[in-house]
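See structure below.
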Amino acid sequence: MIAALQSLHLTELGYLTLLAATPLTLAALGGVLCERSGVVNIALEGIMLTGAFVGYAAALATHNLWLGVLAAMLAGMAIAALHAALSISLLVDQIVSGTVINILAVGITGVYYRTYIQESSGVGPGILPTWHIPLLDRLPFLGQIFFQGQAITWAMLLLIVVVHVVLFHSVWGLRTRACGEHPLAADTVGINVYLVRYVNVIASGALAGLGGAYFSLQEIGNFLPNITGGRGFIALAAMIFGRWTPVGSFLASLLFAGADAVGARIQGFHNIPYQFLGMLPYVLTIVVVAGAMGRSIAPAAVGRPYKKQ
Amino acid sequence: MDLAIEWGQVHALLGENGAGKTTLMNVAYGLVRPDSGTILVDGNPVVIHGPQDAIRLGIGMVHQHFMLIPPLTVAENVILGHETVTAGGFVDQRAAEQEVRDLSQRYGLEVDPRARIEGLPVGIQQRVEILKSLYRGARILILDEPTAVLTPQEVIGLFGILRNLAGEGSAIVFITHKLGEVMEVADTITVMRRGKVEATTRPSETNPAGLARLMVGRPVLLRVDKAPARPQRPVLELERLVVHDDRHRVAVDGVALSVHAGEIVGIAGVEGNGQNELAEAIAGLRPDRGGRVLLDGQDVTRATTRHVLHGGLGFIPADRHRMGLVLEHSVSDNLVLSTFDRAPFAQWIIRRFEAVLEYAQRLIKQFDIRAESPSQPAGSLSGGNQQKVVAARELGRQPRALLASHPTRGLDVGSIEFIHRQIVDQRDAGLAVLLISSELDEILSLADRVAVMYRGRIVAILEGDAIDRDRIGLLMAGAA
Amino acid sequence: MTWRRLFRPAAVALAAQPVLSIVCGFLVAGLAVLASGADPVQAFSALFQGAFTNPRAFTETIIATLPYIFLGLAVALGFKAGLFNIGAEGQFYLGAVFGVFIGYSVHGLPGIVHVALALLAGMLGGFLWAAIPGIIKARTGAHEVIITIMLNYVAFQLTDFLINNRGPLADKTSSAPRTPFIQHAAQLPILIPGTRLHAGLFLALIAIPVVWFLLSRTTVGFQIRTVGLNPTAARAAGISVGWTLVITMGISGALAGLAGADEVLGVSHFMPPAFSTGYGFDSIAVALLAKSNPWAILPAAFLFGAMRNGATFMQLQTQVSADLISIVQATVIIFIAAPAIIRWIFRLRHTPAAPVQLAKPDGAAPI
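Top line first, the protein sequences correspond to chains E, S and Z. Counted the way our numbering counts, the first sequence spans residues 197 to 505. Counted the way our numbering counts, the second sequence spans residues 908 to 1387. Counted the way our numbering counts, the third sequence spans residues 9 to 375.
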């Protein structure tokens, strides 16, 4: 009896963790692609926010959640394209460019939220349905966590594998990594560094946009200003902590989301400050970044604009 | 200029730095456009717009600074850009590794295709660079200063590989400044100097001394009138100094040298033999890994740059734009770059601009710096005047020892004469000067004693009549 | 076209660039408003009205400007050394925390002393929070951007812990989560009765020439600028680059912390857990717009303060959300950071000044 209760507790925790890790992982995957090609992307937050908004607005307008998801990804790609144009072609500092996107996203979503969403009447589009894989979902513990869920979480799990395979086993991934480590060398063997970076940045937009759609279309079925609440930066931390790999980002996201979920649970006990658990992802990232002294684990050429000789 | 490379031969391009060897080959590889002339491959005129064209024509280049990506494996680096693929756009790792293995065996370039570049010794990395070209079907292989980064054993290995390749019919172009190697491995030798071909010959028809003479040419009329030196106590002493370069390899290998007040010691040598690292170590910009540096008797081996500078060392760095000046700052600010926070230029943390200005005006006059006003940015001055600013700054502090690294590089004759004059005058006043230069004329003109640096070691210290241009040329090139 | 000829002289073009960027920023924002179905003219006039038209509104604009001045100076100072201090937001928080703590916990001090003490505490808080990334960068070379962003969030959590219900700094007697009110003696005096305009105005106006003096007339400032322009040459001349970076971050943080303490002591007189709304990020835009020139921070900060203040009014009067000003800000930064766009639009002659490039590839610094 006690065991059953206990396992329920854990299973629920596990499920919630996986859910909360979804947007983090998706944004982090986007960050991985982007930074592996050599472009710093601190705009994950802004891209997610845009995705969440556009996704919701589209779903609201068409009463079709799937179109909303698609719209979220497209919006992410569009905003990421701006980041790419600014930092790759116009040689704007990548940090400035990322900051601009974040500010712009707040502005755009805020303004259009007022006119399109707040004022609109009618029923919302709801949230994505939960699917079950028959039989497998009866498995204790694992079944409830992995074999039932909503589309975006399934997509995330799939994308982890996809991004990993693409990055480490495909031609495109090889060239991407070359551009991020030593763009000059890549250029001398005939790789178009600009093109590779552009595509990767836009792809990261699609992923982060999908991550944003999680908030509005999978989690709550609505859009609120600042719905992403800084999660984009936790995703950045997850990417760094996960050493710029898809699987690492996923595990780091689970860690951070898990700490958050545990924190929410123990909020009841007032002698354990949950905020310190909330600090965990950030402090860990600082330790990782500072501790990497000399031994650089980031792609070597990340952050530096490339000018063709 | 004319040059003919033949199949099945190792053709050496010999010359000092700046002779034009690398530039010429960059044209062949498409990295530089020629202003005039034609390139013929197998008798057919070709146009090469970029490395892609060169590769298509079968020309491959192994750069001095490898174009390898450290975290990737050998196989990945070799195939990058021309990847072997399976269906679906995936990299066929196994096929790639097999191809690399095949190439390795065929040409005798032993490498493990699965190893990561970052863990490999430089000699092996070079093999990967060569494999890259061979993989793309290069029949003409250009190697730019390939032995600069190799140990003697690795050099022997490389020569074996080159002979193999030539034996298979490839044409090898070997750019170098080292005489001994040229004599050992080349079938044909072309000597270049100041952008022109001086001669083309064979090892059997010449000797190192003759080559050296062709390399360094006849003496230039630029000579400073100077009285013989009267050296006094040692001011700057280097004892068994060992310094590592950025790749953690030994760049300065146990240098021992003593510079006395009132003398100019010149370090001759082709760039890249450890001179930069030596200068930086003395100035406190690079940690020493062994040995000692003494300044006026004080051990400054572990001292900070600030300590060394204020302890009596003047430092004219090799690169005035990167290290010597802050181009955006005014001339006067640059003149006090190392003394701006000391009296009389500052009182506590408040700067005293009148004192700075007065000092600047004095130096400008003394060193004949052509500037409209001391407050104009240093970047707006001509190269010669910029270097005068650096010299003025360092000499104006009245140091006891001066470390001058390539002090007249890129300057016009007038500026060169002026700076040389200043150095000699200061020497006569008791300054100890350590002059590093790859311009042999400069060394011969200024130095009272000449030390020759080759591969991180001082291979000879000459003085008086022993200072002979040809002899030094040989020593610089590693022969004799 | 005659107006094009007006813009030809390079000097005019140089000064015109920020102005044109602002104009274009508003134009783009106006288009965005149009696309949302609202009337841009109405929106902008409401914005203007809310910021300026009545004396009370004007004082509110000034109040909103003050943090921007301090924070803009903080970020600009960082830029001068080649540092990107995105952590101004977190340092702002820490300064407020330190300041409010001294403000409410110390009793019996005369006004001037209490205020001075609290402000100094605020500067200390910001200094410490900024010194951390400074030291990390000096010793490990780790990029300050990521670390300062992370520290911002740590600051938010820390503040939340301290001030939210039952936190050590929370006012247990209050139903809303906040710190206790500060002592009356610690309050910054109001300058114009009937308004909220407080003596922090003087502080801000003094801060500008102080920073200018620091940068242009002191050895410290010379060191900072030299490291920012050419760290290699700085090192070769004996300057300790690491030390300089730490000091710069420290002073920058102190300024940001001062902003926080100033806000608490002057405006709210207590501190709620959710304190700032993006002041720190906006101030990056202020610094960029002013091209890191301390004097130019004043008009830039004023512009942003006016927008922030006017935006609340605009939101009440029209359908347009206050977030519109974020669109203006973002677009202005784009035009400042990529001057090629402005030049292309107006066919300005290429000015010799380098475009706003914050990190030159060889590591030398920004504006």
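Ideal Cβ placement from N, Cα and C applies to all residues, glycine included. Note that the structure is a prediction, hence the values are computed from the model and not measured.
Alpha-carbon spacing of residue i relative to residue j, whole angstroms
i, j, result
"S:Leu1128", "S:Glu1187", "Confidence in S:Leu1128 is poor, its pLDDT being 49 and thus under 50, which makes the residue's placement unreliable; the coordinate value appears in the next sentence. Taking the straight line from one Cα to the other gives about 31 Å."
"E:Ala494", "S:His970", "26 Å"
"S:Ala1298", "S:Ala1055", "31 Å"
"E:Leu286", "E:Gly234", "15 Å"
"Z:Val49", "Z:Gly38", "8 Å"
"S:Leu1270", "Z:Gln99", "45 Å"
"Z:Ala267", "Z:Gly111", "15 Å"
"Z:Leu42", "E:Gly376", "40 Å"
"E:Leu278", "S:Ile1326", "52 Å"
"S:Thr993", "E:Pro501", "33 Å"
"Z:Ala308", "E:Thr305", "25 Å"
"S:Pro978", "Z:Val27", "47 Å"
"S:Val899", "Z:Thr234", "There is simply no residue 899 of chain S to check, as chain S begins at 908 and stops at 1387 in what is shown."
"S:Phe1274", "S:Arg1334", "16 Å"
"Z:Ala338", "Z:Pro118", "44 Å"
"S:Glu1144", "E:Leu220", "60 Å"
"Z:Leu209", "Z:Ile71", "8 Å"
"E:Val357", "S:Arg1046", "42 Å"
"E:Leu245", "E:Asn422", "7 Å"
"Z:Ala139", "E:Val483", "15 Å"
"Z:Ile333", "E:Glu415", "29 Å"
"S:Arg1154", "S:Arg940", "32 Å"
"Z:Ile155", "E:Gly474", "16 Å"
"S:Val981", "S:Gly1044", "17 Å"
Beta-ladder partner(s) of residue i, from DSSP
i, result
"S:Thr1083", "S:Leu921"
"S:Ile946", "S:Val953"
"E:Trp327", "E:Gly345"
"S:Leu1341", "S:Val1172, S:Leu1310"
"S:Glu1144", "S:Ser1165, S:Leu1201"
"S:Met1099", "S:Val1104"
"S:Met1122", "Looking at the DSSP assignment, S:Met1122 forms no beta bridge with any residue, so it has no partner."
"Z:His206", "Z:Ile198"
"S:Ser1237", "S:Pro1284"
Top-ranked residue by Cα proximity to residue i, from the options
i, options, result
"Z:Pro185", "Z:Phe66, Z:Ile344, Z:Asn317, Z:Pro281", "Z:Pro281"
"E:Arg373", "E:Leu209, E:Tyr309, E:Val228, E:Leu220", "E:Val228"
"Z:Ile190", "Z:Ala212, Z:Val108, Z:Cys32", "Z:Val108"
"Z:Gly288", "Z:Asn93, Z:Ile335, Z:Ala212, Z:Leu55", "Z:Asn93"
"S:Pro1059", "S:Asp1051, S:Ile1079, S:Lys1085, S:Leu1050", "S:Lys1085"
"S:Thr1095", "S:Arg1101, S:Leu1118, S:Lys1103, S:Gly1102", "S:Leu1118"
"S:Asp1203", "S:Ser1345, S:Gly1218, S:Ala1116, S:His1151", "S:Gly1218"
"S:Pro958", "S:Ser943, S:Tyr936, S:Gly1102", "S:Tyr936"
"S:Leu1072", "S:Gln1268, S:Ser1040, S:Met1090", "S:Ser1040"
"S:Ala1158", "S:Ala1278, S:Pro1194, S:Leu1027, S:Ala1285", "S:Pro1194"
Q: Starting from the N-terminal side, write out each stretch of the beta strand (DSSP E) that is 3 residues or longer and does not extend beyond the stretch 961-1049 of chain S.
A: 966-969
- request: Taking a Cβ distance cut-off of 9 Å, strictly less, list which residues of the stretch 228-252 of chain Z are near chain S, in chain order.
  value: Val228, Gly229, Phe230, Gln231, Arg233, Thr234, Leu237, Asn238, Thr240, Ala241, Ala242, Arg243, Ala244, Ala245, Gly246, Ile247, Ser248
Going along the stretch 421-433 of chain E in order, which residues come within less than 9 Å of chain Z, judged by CB to CB distance?
Pro421, Gly426, Phe429, Ile430, Leu432, Ala433
Just by C-beta distance, which residues in the stretch 1220-1245 of chain S are closer than 8 Å to chain Z?
Within the stretch 1220-1245 of chain S, the residues whose Cβ lies closer than 8 Å to some Cβ of chain Z are Phe1222, Pro1224, Arg1229, Met1230, Gly1231, Leu1232, Val1233, Leu1234, Glu1235, His1236, Asp1240, Leu1244, Ser1245, listed in chain order.
For this session: For the stretch 199-229 of chain Z, enumerate the residues whose C-beta is nearer than 8 Å to any C-beta of chain S, in chain order.
Result: Arg225, Thr226, Thr227, Val228
Residues of the stretch 1245-1267 of chain S in Cβ contact with chain Z at a cutoff of 7 Å, in chain order, please. Ser1245, Phe1247, Asp1248, Ala1253, Ile1256, Ile1257, Arg1258
TODO: Starting from the N-terminal side, write out each stretch of the alpha helix (DSSP H) that is 4 residues or longer and does not extend beyond the stretch 198-274 of chain E.
DONE: Entirely contained in the stretch 198-274 of chain E, the alpha helix (DSSP H) runs reaching 4 residues are, in chain order, 198-232, 240-258.
Just to confirm the assignment: which complete alpha helix (DSSP H) runs, minimum length 4, are found wholly within the stretch 104-176 of chain Z? 119-148, 152-171
- Which residues, in chain order, does the stretch 180-195 of chain Z contribute to contact with chain E at a C-beta distance below 8 Å? none
- prompt: What are the residues of the stretch 1188-1201 of chain S that lie near chain Z, defined by any Cβ-Cβ distance shorter than 9 Å?
  reply: Ala1190, Gly1191, Leu1192
- Pick out the complete alpha helix (DSSP H) segments inside the stretch 12-85 of chain Z, 4 residues or longer, and give them in chain order. 18-43, 48-56
Residues of the stretch 397-418 of chain E with a CB closer than 7 Å to any CB of chain Z: list them in chain order, please. Of all residues in the stretch 397-418 of chain E, none places a beta-carbon less than 7 Å from a beta-carbon of chain Z.
Exercise for the section: Name, going along the chain, the residues of the stretch 939-951 of chain S whose beta-carbon falls closer than 7 Å to a beta-carbon of chain Z. Expected result: Per Cβ criterion, the list is empty.
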